[in-house]
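Visitor: Numbering (this note's numbering), first residue to last: 3 to 570.
Quick reminder that beta carbons are idealized off the backbone N, C-alpha and C, glycines included.
None of the values given here were measured: they were computed from a predicted structure.
Dropping the structure in here first, questions after.
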């Protein structure tokens, strides 16, 4: 009995020594695990994979049943934008519902980013309680994760596996993990930013290469908006263009299906894009859908769930010119993806937009030169036909006519006479061909079409309207605009013939920054109901191109119709 009593203190001492040796051995194992984890965290993982790995290692090091990493929202907001968990099954997560946003004890670390240990999270004064279907949790360890001086997020560990409390050693090793994690996360974010910059550069090269090829302008703009949306991770993107910052329209859209005809009917007179073009710098909008300036784009694009947006001018506006920028690129994100907008480097996006604008201008200049070269070739061919071929045929015809007097055979005279007529017909055909070479209708030749409309109107007016052209009309007018010019002019002259009783009508078509069709008569004026119905159709055609149409009284009498559309 005495021997047993004497051995008791020794047994207790031995047990304590063995426990300490075991703890020391466990501590060494945990630090070795931490070192291994640090090595794997620097092995080029993506940011998402890295965050998952950090939570996994924290759970193992602390011996916790549940672990999570709450990533703070950017911009100083007091909320969690991402919550990565381990220990909860997918079924449990589904039953719990929405992830925590940063209330209660979780918010304690947001307000006071220092390590926190609690034996029972439910008894802390800051406890917010658990949502329905949440598993019970007791012991708690929270540690902030810093990137430099900035708090990136917090590690949350609950329910020590042995049923006890988290120890000081647990806290120490998780704090060391958080320090290493901060460095690894910063490196991963820098690597992703470098990769994103590389994708912007690759897109610039791809677009420049495409523009130097045979791609048309609309396809080029679509390529620009598609690549920009893809790289920026935006949900929707669009490009606006126009001859001036206050006369823009949506040209192309990416991320949603839009009817091209609808785009043409959406002039943007005072939009965020117009301000970006005027100022020549990118603009950030926190709520595109809610901004009054974004309402114009909302006429054709569904912006219901859209939150933040970035508007980047495609080129710079020169104060000496009415419009020097090609347009503006808009990138927008849905509210649930708002954090992705923070990752857009405005300087890189601006450089991308500037390079794209330069490439578009070079492509436009190349197309203009090619078009002028075609016109030069047509003029040369026309001159050759007129000065050489037609003159030779004319001389041949004269010689044949002279030979008619020498021919005694009636059959020979008949054949010579027919040959002369054939030559005359050939000369007329060649002259028509020369005229068509000078006015190619496939290039949007609005002048010949307008001339034809004016000539036809002479029959109903009983006189031919005076017609004047000014500016590079053929070079600047597209077939779509030409079609509407002809229709508007026909309707204006028809109304004048039926109602105005005019004795003079002047028609002018001028191409500058805008294409302006002006019809003025000296008649009695057109009835109000006719003006209203006719103007509605003309206005609709003008607004489809981002333009306008007005009908006003002329001095001292008559009516002036002015139809104006921008030339891109």
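#1: Are the segment 84–97 and the segment 169–181 touching by the rule of at least three beta carbon pairs closer than 8 Å?
#2: Within the chosen definition, does the segment 188–203 reach the segment 159–166 through at least 3 CB pairs nearer than 8 Å?
#3: Just mark residue 504 as buried or exposed, buried being the case when its beta carbon has 16 or more other beta carbons within 10 Å.
#4: Between residue 338 and the ligand SAH, is there a pair consisting of the residue's CB and a ligand heavy atom that are separated by less than 8 Å?
#5: Which whole-angstrom value describes the C-beta separation of residue 550 and residue 566, a residue pair presumed to lie in contact below a C-beta threshold of 8 Å?
#6: Is DSSP giving residue 330 helix, strand or coil here?
#7: May I have the straight-line CA-CA distance separating residue 2 from residue 63, to the nearest angstrom?
#8: Going by DSSP in three states, residue 273 sits in which element: helix, strand or coil?
#9: Starting from the C-beta of residue 499, find all residues in its chain whose C-beta is less than 7 Å away, skip the five residues before and the five after it, and write them out in chain order.
#10: By DSSP's criteria, residue 453 is part of a beta bridge. Which residues make up the other side?
#11: Around the Cβ of residue 226, are there at least 16 other Cβ atoms within 10 angstroms (buried) or fewer (exposed)?
#12: Quick one, are the C-beta atoms of residue 471 and residue 512 less than 9 Å apart?
#13: Taking Cβ positions, are residue 115 and residue 108 nearer each other than 9 Å?
#14: Can you find the residues in the same chain that come closer than 7 Å, C-beta to C-beta, to residue 554, ignoring five residues on each side of it along the sequence?
#15: Just to confirm, is the Cβ distance from residue 310 to residue 343 under 9 Å?
#16: Looking only at its chain, what residues have a beta carbon closer than 8 Å to the beta carbon of residue 402, apart from the 5 residues adjacent to it on each side?
#17: DSSP three-state call for residue 408: helix, strand or coil?
#18: How is residue 218 classed by DSSP in three states: helix, strand or coil?
#19: Under 8 Å by Cβ, that's how I've got residue 564 and residue 518 pegged, so tell me the actual separation to the nearest angstrom.
#20: Quick one: using the 10 Å Cβ neighbour count with 16 as the cut-off for buried, is residue 74 buried or exposed?
#21: When you compare the CB positions of residue 275 and residue 334, do they come within less than 9 Å of one another, or not?
#22: Output needed for residue 352: all residues of its chain with C-beta closer than 6 Å, excluding positions within five of it in sequence on either side, in chain order.
#23: First and last residue of the alpha helix (DSSP H) that includes residue 123?
#24: Which word fits residue 523, buried or exposed, when buried means at least 16 other C-beta atoms lie within 10 angstroms of its C-beta?
#25: Taking C-beta to C-beta, are residue 488 and residue 448 nearer than 9 Å?
#26: Starting from the C-beta of residue 348, find all residues in its chain whose C-beta is less than 8 Å away, skip the five residues before and the five after it, and write them out in chain order.
#27: Can you tell me the Cα-Cα spacing of residue 119 and residue 336, whole angstroms?
#28: Taking C-alpha atoms, which residue in 357, 510 and 145 lies nearest to residue 153?
#29: What does the Cβ neighbour count give for residue 443, buried or exposed, with the cut at 16 atoms within 10 Å?
#30: Taking the alpha carbon of residue 174 as the reference point, which residue from 117, 482 and 221 has its own alpha carbon closest?
#31: Suppose the cutoff is 7 Å on Cβ atoms and the five residues either side in sequence are ignored; what does the same chain contact list for residue 571 look like?
#32: Tell me the DSSP secondary structure of residue 209 in three-state form.
Guide: Put simply:
#1: no
#2: no
#3: Counting from 1 along the chain shown, the entry for residue 504 is found at position 502. So residue 504 counts as buried.
#4: Inclusion of the ligand SAH in the displayed structure is not the case, the ligand content being empty and no account of it being possible.
#5: Within the chain shown, the letter at position 548 stands for residue 550. Within the chain shown, the letter at position 564 stands for residue 566. Going by Cβ atoms, the distance from residue 550 to residue 566 rounds to 6 Å, so yes, they are a contact pair.
#6: As a first step, residue 330 must be located in the chain shown, where it is residue number 328. Residue state, collapsed to three classes: strand.
#7: No information on residue 2 is available, as it lies outside the stretch 3 to 570 that the chain covers here.
#8: The residue labelled residue 273 in the question sits at position 271 within the chain shown. Residue 273 falls in the coil class under three-state DSSP.
#9: Translated into the one-based positions of the chain shown, residue 499 becomes position 497. Correct list, in chain order: 459, 462 and 463.
#10: Locating residue 453 in the chain shown gives position 451, where the first residue counts as 1. Bridge partners of residue 453: none, in fact.
#11: Counting from one through the chain shown, the residue named residue 226 turns up at place 224. By the 10 Å Cβ count, residue 226 comes out buried.
#12: Position 469 of the chain shown holds residue 471. Position 510 of the chain shown holds residue 512. For residue 471 and residue 512, yes; Cβs fall inside 9 Å.
#13: Looking up residue 115 in the chain shown gives position 113. Looking up residue 108 in the chain shown gives position 106. It is not a contact, given that the beta carbons lie outside the stated cut-off.
#14: By one-based count along the chain shown, residue 554 stands at place 552. Excluding residues within five positions, the ones whose Cβ falls inside 7 Å are 562.
#15: As a first step, residue 310 is located in the chain shown; it is residue number 308 there, counting from the start. As a first step, residue 343 is located in the chain shown; it is residue number 341 there, counting from the start. It is a contact, given that the beta carbons lie within the stated cut-off.
#16: The residue labelled residue 402 in the question sits at position 400 within the chain shown. Cβ neighbours of residue 402 beyond the five flanking positions: 418, 421, 422 and 425.
#17: Stepping through the chain shown from its first residue, residue 408 is reached at position 406. Of the three classes helix, strand and coil, the one that applies to residue 408 here is coil, per DSSP.
#18: As a working note, residue 218 is residue 216 in the chain shown. Here residue 218 sits in coil by DSSP.
#19: Here the question's residue 564 lines up with position 562 in the chain shown. Here the question's residue 518 lines up with position 516 in the chain shown. Their Cβ separation, rounded to whole angstroms, is 7 Å, which keeps residue 564 and residue 518 in contact under 8 Å.
#20: In the chain shown, counting from the first residue as 1, residue 74 sits at position 72. Buried, since its Cβ has 16 or more Cβ neighbours within 10 Å.
#21: Numbered from 1 along the chain shown, position 273 holds the residue referred to as residue 275. Numbered from 1 along the chain shown, position 332 holds the residue referred to as residue 334. No, these two residues do not count as a Cβ contact at 9 Å.
#22: What you label residue 352 is simply residue 350 of the chain shown in a count that begins at 1. Excluding sequence neighbours, residue 352 sits near 284 and 314.
#23: The sequence position of residue 123 within the chain shown is 121, counting from 1. Unbroken run through residue 123: none, as it is neither H nor E.
#24: Numbered from 1 along the chain shown, position 521 holds the residue referred to as residue 523. Counting the other CB atoms within 10 Å of its CB gives residue 523 a total of 16 or more, which places it among the buried residues.
#25: Here residue 488 refers to the residue found at position 486 of the chain shown. Here residue 448 refers to the residue found at position 446 of the chain shown. The answer is yes: Cβ separation under 9 Å.
#26: Here residue 348 is taken as the residue at index 346 of the chain shown, counted from 1. So the qualifying residues of the chain are 284, 286, 312 and 314.
#27: Your numbering for residue 119 matches position 117 in the chain shown. Your numbering for residue 336 matches position 334 in the chain shown. Each residue's Cα considered, the two are about 38 Å apart.
#28: For the purposes of this step, residue 153 is taken as the residue at position 151 of the chain shown. It is 145 whose Cα lies nearest to the Cα of residue 153.
#29: Here residue 443 refers to the residue found at position 441 of the chain shown. For residue 443, the pLDDT reaches just 46, beneath the cut-off of 50, and the residue's location in the model is therefore unreliable, although a value from the coordinates is still provided. Label assigned to residue 443: exposed.
#30: Position 172 of the chain shown holds residue 174. If we check each option's Cα against that of residue 174, 117 comes out closest.
#31: Because residue 571 is not part of the residues shown, which for the chain are 3 to 570, the question remains open.
#32: Numbered from 1 along the chain shown, position 207 holds the residue referred to as residue 209. The answer is helix: DSSP assigns residue 209 an H, G or I state.
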